[in-house]
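Engineer: Structure in structure tokens, see below.
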């Protein structure tokens with residue numbers, strides 16, 4: 001079994017929430033999942049939770065609930081936190097869990113080059129502290145890999161729940177594992 005994790009973020013610092021989601025896919029299932037995502041999003045461009053209306057969000061979360069995907073979601077909560085500090089703390093919690101689950105490669109949605117460099121530095125720090133040893137980490141633009149849509153939707157469902165609309169997250173059911181951490 002060869003397993004990859006696809007990672008994206010969402011946050012609302014006004015309510016003190018930063019979410020980092022890894023959608024975990026067995027590569028034997030990857031093409032089936034890509035096909036389902038293509039059928040789900042018939043518009044031009046990439047699927048994006050934030051830009052979608054409530055009906056599309058319902059369809060997205062319902063589709064995710066039927067796919068052979070697991071979501072490991074770290075929710076960082078804190079007051080007066082910066083997004084980059086919150087991301088580092090969430091990565092510190094997420095990466096060892098992914099390695100323990102047998103994930104081989106972690107693909108992060110690429111951000112700006114300087115931010116990707118911060119992420120690489122965090123991965124290196126996790127290695128030095130022996131939190132991880134064998135994970136490979138790569139970066140790719142969302143339009144390069146359809147499977148990066150998975151954590152975008154999963155993040156969106158959690159952020160909606162944090163804002164009081166839990167129905168999207170409830171649709172994901174048992175495929176979702178949530179872990180909360182405090183960001184100081």
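Residue numbers (the UniProt record's numbering): 1 to 184.
The beta carbon of each residue, even a glycine, is placed where N, CA and C say it ideally should be.
1) From which residue to which residue does the alpha helix (DSSP H) around residue 60 run?
2) Where residue 69 and residue 82 are concerned, what is the direct C-alpha to C-alpha distance, given to the nearest angstrom?
3) Could you say which of 184, 178, 182 and 171 lies nearest to residue 64 if we only look at CA atoms?
4) If you reduce the DSSP assignment to three classes, tell me which class residue 106 lands in.
5) Residue 102: which of 157, 133 and 120 sits nearest, CA to CA?
6) Since residue 120 is in the alpha helix (DSSP H), which residue starts that stretch and which ends it?
7) In whole angstroms, what separates the C-alpha of residue 9 from that of residue 151?
8) Grab me the residues of residue 165's own chain with a C-beta within less than 7 Å of its C-beta, minus the 5 sequence neighbours each way, in chain order.
9) Output the residue ranges of the beta strand (DSSP E) runs that lie fully inside the region 120-182 and measure 3 residues or longer, sorted by chain position.
10) What is the residue span of the alpha helix (DSSP H) that residue 37 lies within?
11) What does residue 8 pair with, by DSSP beta-bridge criteria?
12) Quick one: grab the DSSP three-state call for residue 88.
13) Nearest CA to the CA of residue 1: which residue from 22, 28 and 15?
14) Across which residues does DSSP place residue 76 in a beta bridge pair?
Structural biologist: Working from what's here:
1) From DSSP, the alpha helix (DSSP H) with residue 60 extends over 54-66.
2) 30 Å
3) Nearest option by C-alpha distance: 171.
4) strand
5) 133
6) 113-128
7) 8 Å
8) none
9) DSSP runs (the beta strand (DSSP E)) wholly in the region 120-182: 136-140 and 176-182.
10) 30-40
11) 21
12) helix
13) 28
14) 18 and 181
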